[in-house]
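There are 2 protein chains.
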Amino acid sequence: MFSKACEYGIKAMIYIAQKSDEDGKVSLKEIAEKTDSPVAFTAKILQALSREGLLISTKGPTGGFVLAKSPSNMNLAQIVSAIDGDKVFVGCGLGLETCDNERPCPVHHKFAIVRDELTLMLNLTTLQELALGLKNGDSFLTR
Amino acid sequence: MFSKACEYGIKAMIYIAQKSDEDGKVSLKEIAEKTDSPVAFTAKILQALSREGLLISTKGPTGGFVLAKSPSNMNLAQIVSAIDGDKVFVGCGLGLETCDNERPCPVHHKFAIVRDELTLMLNLTTLQELALGLKNGDSFLTR
DNA sequence: TGTATTTAGGATAAAATTGTCCTTATTTAA
DNA sequence: TTAAATAAGGACAATTTTATCCTAAATACA
Ligand code: FES
Ligand code: FES
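Which chain is which? The protein sequence lines are Y and B, in order. Oh and the first sequence: position 89 is 476 in the working numbering, straight run, nothing missing. Oh and the second sequence: position 60 is 447 in the working numbering, straight run, nothing missing.
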């Protein structure tokens, strides 16, 4: 469904949202540990999220990452789109170059419904609520 | 969403369903042409679908592929599962080893709903209806 | 029987994704 | 001012996915 990069990115953002709510900046090392993700690869993803304006990074001792905006104003769609682009939101289910209502592929009418529901879910799900569930012990970042 | 292999496989199955309804067996060459897919790669996928019992293949002149069952008894879920496995049906949205209601990841409750709707859609959509849409000119396999 | 046609399948190759390593730049604090 | 800590980023490596090529096996038909 999502790329590994995107999975790591989402987990990282949720962890940052939950943790920095208490402690301010969070280090790459801690993020990678708590999300069970490869450190160097996670670094690349956090760099990208910083460039995309979703994170603010600071170097040096006490440096780390914080959300660029309030978690209540950040949703999953923004994260997915920053890392995987918009293919998941608008792409054709059978891989045709574009999804086009006027010249639909055989699965278009059925697929677009589900795809649009996914889009809606991603847009409506905020980092705030995900971080809250994590904080409350209702959800987990590792198995 | 789906792998390239799966996209090619679905398109091939739809084309075979539509075409063999009229003419019996359909050749690899024709399938690859009409679905705008690489011939040799499509060959591998059709081999897999034959091994999985979704297609019956015949060698030699006048050889080719036909559906192993009536198109009304074949659905998208069977094809996806034969090629991509069941990860799309049961996998965790954040890539945790398993999706587990008892120890859910932060997006579980929202993700599982959409994933299950996708599963339902794939299970309910038959090759018959997809082939019919194609035959009627209501849908297209290429752009 | 022999030849042409078609699928099966093994061996590679190319491309994309995932992952690592190392150096540089920046910042903190002793 | 210096040393330590941290992110940035370039280069490279491993793995997976996608794609191609070639030979073998099976089949139809002249
Ligand atoms: S054209 Fe294929 S999903 Fe819309
Ligand atoms: S545990 Fe992640 S989707 Fe169910």
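Here a beta-carbon is modelled for each residue, glycine too, at the ideal position from N, C-alpha and C. Note that this is a predicted model, so its numbers are computed, not measured.
- Residue-level contact check: E420/B does not touch chain Y, since none of the beta carbons of chain Y fall below 8 Å from its beta carbon.
- When DSSP states are grouped into helix, strand and coil, S444/Y belongs to the strand group.
- Against G480/Y, the close residues of chain B are M388, F389, E394, I397, in the order they occur along the chain (beta-carbon pairs closer than 9 Å).
- Here I397/B is not near L454/B, since their CB atoms are 8 Å or more apart.
- For I500/Y, the number of other beta carbons within 10 angstroms of its own is below 16, and it is reported as exposed.
- Beta-carbon to beta-carbon, L521/B and P493/Y are separated by about 5 Å, close enough to satisfy the 8 Å threshold.
- Using a cutoff of 7 Å, the CB of V467/Y does not count as near ligand 2, since none of the ligand's heavy atoms is closer than that.
- Taking the Cα positions, Y395/Y is about 33 Å away from P491/Y.
- When 7 Å is used as the limit between beta carbons, M508/Y is near these residues of chain B: K497, V501, in chain order.
- Look at D423/Y: its beta carbon is at least 7 Å from all of the heavy atoms in ligand 2.
- Here the stretch 509 to 525 of chain B does not lie against the stretch 471 to 480 of chain Y, with fewer than 3 beta-carbon pairs under 8 Å apart.
- DSSP, read as helix, strand or coil, puts F527/B in coil.
- By the neighbour-count criterion, in which a residue is buried when 16 or more other Cβ atoms sit within 10 angstroms of its Cβ, P458/Y is buried.
- Within chain Y, the residues placing a beta-carbon under 8 Å from that of T512/B are V494, K497, ordered along the chain.
- A Cβ-Cβ distance of about 7 Å is found for the pair M388/B and M388/Y, placing them in contact under the 8 Å criterion.
- As the crow flies, the alpha-carbon of K497/B is around 44 Å from that of G451/B.
- Under the Cβ distance rule, P491/Y counts among the residues neighbouring chain B, one pair being separated by less than 8 Å.
- Taken residue by residue, none of the stretch 427 to 440 of chain B has a beta-carbon sitting less than 8 Å from a beta-carbon on chain Y.
- Under DSSP, the beta-bridge partners assigned to T513/Y are N462/Y.
- Rounded to the nearest angstrom, the Cβ distance from A464/Y to T506/Y is 7 Å, consistent with a contact under 8 Å.
- Between C393/Y and D471/Y, the beta carbon gap of about 5 Å places them in contact (Cβ cut-off 8 Å).
- Taken atom to atom, the span from the alpha-carbon of K456/Y to that of L442/Y is near 8 Å.
- Cβ contact annotation for K406/B (same chain, cutoff 7 Å, sequence separation greater than five): V413, in chain order.
- Close to V475/Y, with beta-carbon spacing below 8 Å, are these residues of chain B in chain order: M388.
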